[in-house]
Amino acid sequence: MAVLKKQPSPLQNVELPESFSKELRDLLEGLLQRDIDKRLGCKGAGAEEVKCHPFFAGIDWNQVYYQKYTPPLIPPRGEVNAADAFDIGSFDEEDTKGIKLTEQDQELYRYFPLTISERWQQEVAETVFETVNTEADKLEQKRKAKQKQRFDADEKESDCILHGYIKKYGGSFASVWQTRYAKLYPNRLELHTESGSTKPELVFMDQIEEVSPDFVQFKNEQCVQVRFRDGIRDGKLILTNSDEIGLKEWALSLRAAHKESQELLGSMAKKAGKIYGTEGQRGAPDARQLAGSGMVLPGGGGGTATGGGVIAAGGPKNANGGSN
2 MAVLKKQPSP
12 LQNVELPESF
22 SKELRDLLEG
32 LLQRDIDKRL
42 GCKGAGAEEV
52 KCHPFFAGID
62 WNQVYYQKYT
72 PPLIPPRGEV
82 NAADAFDIGS
92 FDEEDTKGIK
102 LTEQDQELYR
112 YFPLTISERW
122 QQEVAETVFE
132 TVNTEADKLE
142 QKRKAKQKQR
152 FDADEKESDC
162 ILHGYIKKYG
172 GSFASVWQTR
182 YAKLYPNRLE
192 LHTESGSTKP
202 ELVFMDQIEE
212 VSPDFVQFKN
222 EQCVQVRFRD
232 GIRDGKLILT
242 NSDEIGLKEW
252 ALSLRAAHKE
262 SQELLGSMAK
272 KAGKIYGTEG
282 QRGAPDARQL
292 AGSGMVLPGG
302 GGGTATGGGV
312 IAAGGPKNAN
322 GGSN
């Protein structure tokens, strides 16, 4: 009578549960071989030896590569797979201080794929990005403060009413907020780019039909809407400011400058009418026609109304906002 002897396991001091299938036991024994030459995956064919093992029969490795298989086990969020949460807690700075990766370490991890959990991503967003953005904001504030000081010096002797940063809605496709350094004069609004390397966009007061009496809601922002006369520009200009007090100051100053400009244009038209004997007659030129004619008007202190500008109230100013 033949007696079947139990084959000894190639693993020493390792006991595998009886519940493991034959294929699983064979796979683990192959992977845990002490002799490297006999170890599964080290016999010459590399990873193909493992992929071709009977335990993985029926597995489409292309589907594995593209992560198309549903994992058999998805641990619940927040579950700690350790005896104690402190086992996987943060490393003590004293334990890791002074440790540097060698070139061999760097080479090892160069092509190492990293997948992090949603919770870790959130932590990175709330800590690292916040720190980086805070530093960037500080540098941006310093740059803007320095630029404002330069503009303060430039406009010290001019008739500039108000200047500062403001946002304008526009662009090539009129779909983004653009930061501009705005300078308001009695006869125009200048919108400078942050770099200051290009000529500013000019908005003359005689081009404006109305500055909105109240704030308008646009793209979830409180805004000032400047509406142009028919056929001029794109019909309207939308301006806003993150500082509510600053936005109110811009709105009040724009309305006041536009009102004074209209009153001055009206008085110019009356004066021109008296000079040329056309006051009250049909077909007489209005103030905007006179402002665009390049005509020197008496009593203007030597200023000219050219280029769509108007003579600034309160003194001999020219259409460029400077003094003669």
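Per the working numbering, the sequence shown starts with residue 2, numbered consecutively. Even for Gly, the Cβ is constructed at its ideal location relative to N, Cα and C.
Where residue i falls, given that 16 or more other Cβ within 10 Å makes a residue buried
i, result
"LYS23", "exposed"
"GLY267", "exposed"
"ARG188", "Just to set this straight, residue 188 is Asn in the shown sequence, not Arg. That one is buried."
"SER169", "Going by the sequence as given, residue 169 is Lys instead of Ser. The residue in question, LYS169, is buried, as its Cβ has 16 or more Cβ neighbours within 10 Å."
"GLY99", "exposed"
"PHE205", "buried"
"ALA270", "buried"
"TYR70", "exposed"
"LEU102", "exposed"
"ALA252", "buried"
"ASP231", "exposed"
"LEU17", "exposed"
"ASP207", "buried"
"ILE167", "buried"
Residue i versus residue j: straight-line alpha-carbon distance, rounded
i, j, result
"THR194", "GLY274", "41 Å"
"LEU33", "ASN134", "49 Å"
"PRO76", "LYS184", "60 Å"
"ASP106", "LEU41", "26 Å"
"LYS6", "GLU108", "Residue placement at LYS6 is poorly supported in this model, since its pLDDT is 46, which falls under 50; the coordinates are not used for a value here."
"LYS139", "GLU30", "60 Å"
"LEU192", "GLU136", "27 Å"
"GLU141", "LYS249", "23 Å"
"GLU104", "ARG111", "10 Å"
"LEU28", "SER20", "14 Å"
"ALA146", "SER198", "18 Å"
"ILE35", "LEU74", "Before going further, note that residue 35 is Arg rather than Ile in the sequence given. Those two C-alpha atoms are separated by around 30 Å."
"GLY301", "ILE276", "Bear in mind that the predicted position of GLY301 carries a pLDDT of just 36, short of 50, making it unreliable; the figure below should be weighed with that in mind. Taking the straight line from one Cα to the other gives about 14 Å."
"PHE57", "TYR66", "14 Å"
"ALA48", "PRO55", "14 Å"
"ASP215", "THR128", "40 Å"
"GLY304", "LEU190", "For GLY304, the predicted model reports a pLDDT of 35, less than 50, meaning its position is unreliable and no value from the coordinates is stated."
"GLU50", "GLN123", "39 Å"
"ARG181", "GLN218", "20 Å"
"ASP244", "LEU265", "31 Å"
"LYS52", "VAL177", "52 Å"
"LYS44", "TRP121", "39 Å"
"ASP38", "GLN64", "30 Å"
"ARG234", "ARG144", "32 Å"
"ASP160", "SER196", "23 Å"
Residue range of the unbroken beta strand (DSSP E) whose run includes residue i
i, result
"VAL177", "177–185"
"GLU202", "202–205"
"GLU191", "189–193"
One or two residues paired with residue i in a DSSP bridge
i, result
"THR241", "LYS168"
"GLN34", "DSSP output for GLN34 lists no bridge partner at all."
"PHE219", "GLU222"
"PHE229", "ILE209"
"LEU163", "LEU185"
N-terminal and C-terminal residue of the alpha helix (DSSP H) that residue i is part of
i, result
"GLU16", "Segment: none, GLU16 is in no alpha helix (DSSP H) and carries neither H nor E."
"GLU50", "48–52"
"LEU74", "Counting along the chain, LEU74 falls outside any alpha helix (DSSP H), and DSSP gives it neither H nor E."
"ASP106", "104–110"
"GLN68", "Segment: none, GLN68 is in no alpha helix (DSSP H) and carries neither H nor E."
Minimum Cβ-Cβ distance from residue i to chain B less than 7 Å
i, result
"ALA252", "As a matter of chain content, chain B is missing from the structure shown, which is built from one protein chain."
So, do the segment 212–225 and the segment 240–248 have three or more beta carbon pairs nearer to each other than 8 Å? Touching, yes, given that three or more Cβ pairs across the two stretches are closer than 8 Å.
Taking 8 Å as the cut-off, does the segment 256–264 touch the segment 203–212 (at least 3 CB pairs, one atom from each stretch)? yes
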